[in-house]
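Peer 1: To start, I am sharing the structure in question, which I have written as C-alpha cells.
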Amino acid sequence: MSTATATPTDTLSADKTAYRNYAAPQVSETFDRVKEFYRLNHTHQTHDFVKAKKAEFLSFTRQKMTPWDALNYLNTLVDDSDPDIALPQIDHLVQTAEAMRADGQPDWMVLTGFVHDLGKVLCLFGEPQWAVVGDTFPTGCAYSTKIVYSEFFIHNTDVKKPELQTKYGVYTPNCGLDEVHMSWGHDEYLYHLLRDHLPLEALYMIRYHSFYSWHKEGDYDHLCNAQDRAMLPWVQRFNPYDLYSKNPHRPVLKDVKPYYEDLMAKYLPATLQF
Ligand SMILES: [Fe+2]
Ligand SMILES: [Fe+2]
C-alpha cells in the first residue's frame, strides 16, 4: 500500500494549544461532564471487563448495516469524553477527512479519517459512553501517570491485584501491542470490524488513535515490538487531523458525499456485520 508524503499544516489552522486542555476546556460547562466521564471509565475498565467485552462484541452477531447507516446514527451522539466539541460526530468525521484530503494524503488515509469513530455505534447497542469513547490505555499492567485523570485509577479494583500493577503485568517485554488488552471502546471494536479491508497503517490509526499516553507521551514502549514502533509515526500523522479539525466551521456533507461514496465502495464491503 502506498505511503503518504504530505505533512499536516495549513488546513489545521486552529489554535492548537487550546485543544485537550482538560483543566480549561473550550466549552466551560464540559469540565464536570468530562471529569465524571473519566471517573467512570477508569473505575470500570478493568482487565477482566475488557476481556469480557471482547468476547461479547467481537463475534459480530448483532446486525448488518451499511457504513452510511452507521454514520447516520452517529449524528445523534455527543461524546462525553471530548472537552472540545459538542458537534454531531459526522461533522467531526467530515472535517477530519476533508483536512486530510486538502493536504493530499493518500485516499485510504482520507477514508480512515472519515470512518475512524464509526465504532461509536457501540452506543447504539446500549453501551455506556465510558465503555465506548475516551483515551485508551493498557489493562493488566501498571498505569502510566500520563493517562488523563490517572488519579481515578484508585477506584479500579485492578489496583488491588499486585500481579496487574507491575511494569509488565500479565505481558512480556516487547510482546507487541497486539498482545495487549487495551481499555475497551470504539477504537478496538472498529479495528476488528475493518481489519480485513484496510492497510496496516490505517488499522494502527484506528486501533490506537486514542492511546495518547503512547503516541503523544511516549510511554509503554516496553510493550511495543518493531512493528508497533514502525507504525507509531502513522498514528502520530493521523492525530492532528483528529484533534485540530474540531472547529466550528462545518463542511457540508452533501457537497462531499459522492467522493466518500466512491471511497467506501473502493475499500469497504456494501454492508458491514456489526
Ligand atoms: Fe475516536
Ligand atoms: Fe475522532
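Going by our numbering, the sequence shown opens with residue 1499, and the numbers climb by one from there. The C-beta atom is built at its ideal place from N, Cα and C for all residues, glycine as well. Just so it is clear, the structure is predicted and the values come from calculations on it, not from any experiment.
Under the three-state reduction of DSSP, which class applies to Leu1770: helix, strand or coil?
Peer 2: As a working note, residue 1770 is residue 272 in the sequence shown. Leu1770 falls in the strand class under three-state DSSP.
Peer 1: Heavy atom of ligand 1 less than 7 angstroms from the Cβ of Ser1708, yes or no?
Peer 2: The residue given as residue 1708 occupies position 210 in the sequence shown. Checking every heavy atom of ligand 1 against the Cβ of Ser1708, one is found closer than 7 angstroms.
Peer 1: By how many angstroms is the C-alpha of Asp1685 removed from the C-alpha of Asp1580?
Peer 2: Within the sequence shown, the letter at position 82 stands for residue 1580. Within the sequence shown, the letter at position 187 stands for residue 1685. Roughly 15 angstroms between the two C-alpha positions.
Peer 1: Take every Cβ of the stretch 1665–1678, pair it with every Cβ of the stretch 1614–1626, and state whether three or more of those distances are shorter than 8 angstroms.
Peer 2: Flag = no, the stretch 1665–1678 and the stretch 1614–1626 do not touch.
Peer 1: Taking Val1532 as part of the alpha helix (DSSP H), name the residues at either end of that continuous run.
Peer 2: Residue mapping note: residue 1532 aligns to position 34 of the sequence shown, counting from 1. Here the alpha helix (DSSP H) through Val1532 covers Thr1528 to His1542.
Peer 1: Can you determine whether any heavy atom of ligand 2 sits closer than 7 angstroms to the C-beta of Lys1594, and answer yes or no?
Peer 2: Working through the sequence shown from its first residue, we reach residue 1594 at position 96. For the sequence presented, residue 1594 should be read as Thr rather than Lys. Thr1594: yes, Cβ under 7 angstroms from ligand 2.
Peer 1: From the DSSP output, in three-state form, read off Lys1755 for me.
Peer 2: Against the sequence shown, residue 1755 aligns to sequence position 257. Here Lys1755 sits in helix by DSSP.
Peer 1: When we look at the beta-carbon of Phe1736 and count the other beta-carbons within 10 Å, is it buried (16 or more) or exposed?
Peer 2: Here residue 1736 refers to the residue found at position 238 of the sequence shown. It counts as buried.
Peer 1: For Ala1595, does the count of other Cβ atoms within 10 angstroms reach 16, so buried, or fall short, so exposed?
Peer 2: In the sequence shown, residue 1595 corresponds to position 97, counting from 1. Buried is the call here.
Peer 1: Grab the span of the alpha helix (DSSP H) containing Phe1547 for me, first residue to last.
Peer 2: As a position in the sequence shown, residue 1547 is number 49, starting the count at 1. His1545 to Phe1555 is the span of the alpha helix (DSSP H), which, as asked, contains Phe1547.
Peer 1: Would a C-beta distance cut-off of 8 angstroms place Ser1708 and Asp1633 closer than the cut-off?
Peer 2: Stepping through the sequence shown from its first residue, residue 1708 is reached at position 210. Stepping through the sequence shown from its first residue, residue 1633 is reached at position 135. In this structure, Asp1633 lies closer than 8 angstroms to Ser1708 by Cβ.
Peer 1: In whole angstroms, what is the alpha-carbon distance linking Leu1569 and Met1563?
Peer 2: Taking the sequence shown and counting its residues from 1, one reaches residue 1569 at position 71. Taking the sequence shown and counting its residues from 1, one reaches residue 1563 at position 65. Cα to Cα, the separation comes out at about 10 angstroms.
Peer 1: Can you tell me the Cα-Cα spacing of Arg1599 and Leu1662, whole angstroms?
Peer 2: Residue 1599 sits at position 101 when you count from the first residue of the sequence shown. Residue 1662 sits at position 164 when you count from the first residue of the sequence shown. Answer to the nearest angstrom: the Cα atoms are 42 angstroms apart.
Peer 1: In its own chain, which residues sit with a C-beta less than 6 angstroms from the C-beta of Tyr1758, not counting the 5 before and 5 after it?
Peer 2: By one-based count along the sequence shown, residue 1758 stands at place 260. Cβ neighbours of Tyr1758 beyond the five flanking positions: Phe1612.
Peer 1: Name the two residues that bound the continuous alpha helix (DSSP H) containing Pro1749.
Peer 2: In the sequence shown, counting from the first residue as 1, residue 1749 sits at position 251. Taken as a continuous stretch (DSSP letters only), Pro1749 belongs to no alpha helix (DSSP H), as it is neither H nor E.
Peer 1: Specify which residues have a beta carbon nearer than 6 angstroms to any heavy atom of ligand 2, listing them in chain order.
Peer 2: Answer in sequence order: His1590, His1614, Asp1615 and Asp1740.
Peer 1: In angstroms with no decimal places, state the Cα-to-Cα distance between Tyr1765 and Ala1521.
Peer 2: Within the sequence shown, numbered from 1, the residue matching residue 1765 stands at position 267. Within the sequence shown, numbered from 1, the residue matching residue 1521 stands at position 23. Looking at the two C-alpha atoms, the distance is approximately 40 angstroms.
Peer 1: Does the separation of the CB atoms of Leu1701 and Val1608 fall below 8 angstroms?
Peer 2: If you number the sequence shown from 1, residue 1701 lands on position 203. If you number the sequence shown from 1, residue 1608 lands on position 110. No. Outside cutoff.
Peer 1: Whole alpha helix (DSSP H) runs in the stretch 1638–1704 with 4 or more residues, listed along the chain?
Peer 2: Runs of the alpha helix (DSSP H) inside the stretch 1638–1704: 1684–1692.
Peer 1: Gly1716 to Gln1587, Cα distance in whole Å?
Peer 2: Residue 1716 sits at position 218 when you count from the first residue of the sequence shown. Residue 1587 sits at position 89 when you count from the first residue of the sequence shown. Roughly 28 angstroms separates the two Cα atoms.
Peer 1: Please go through the same chain and pick out, in chain order, the residues whose beta-carbon is closer than 7 angstroms to the beta-carbon of Arg1560, but skip the five residues on each side of it.
Peer 2: Walking along the sequence shown from the start, residue 1560 turns up at place 62. The residues are Phe1623 and Phe1772.
Peer 1: By the 10 Å Cβ neighbour count, where 16 or more other Cβ atoms means buried, how is Glu1649 classified, buried or exposed?
Peer 2: Looking up residue 1649 in the sequence shown gives position 151. By the neighbour-count rule (16 or more Cβ atoms within 10 Å), Glu1649 is not buried but exposed.
Peer 1: Have a look at Lys1549, His1542 and Leu1591 and flag the residue whose alpha-carbon is nearest the alpha-carbon of Arg1748.
Peer 2: By 1-based counting over the sequence shown, the position of residue 1748 is 250. It is Leu1591 whose Cα lies nearest to the Cα of Arg1748.
Peer 1: Output the boundary residues of the alpha helix (DSSP H) element that contains Asn1570.
Peer 2: For the purposes of this step, residue 1570 is taken as residue 72 along the sequence shown, with counting starting at 1. Pro1565 to Leu1572 is the span of the alpha helix (DSSP H), which, as asked, contains Asn1570.
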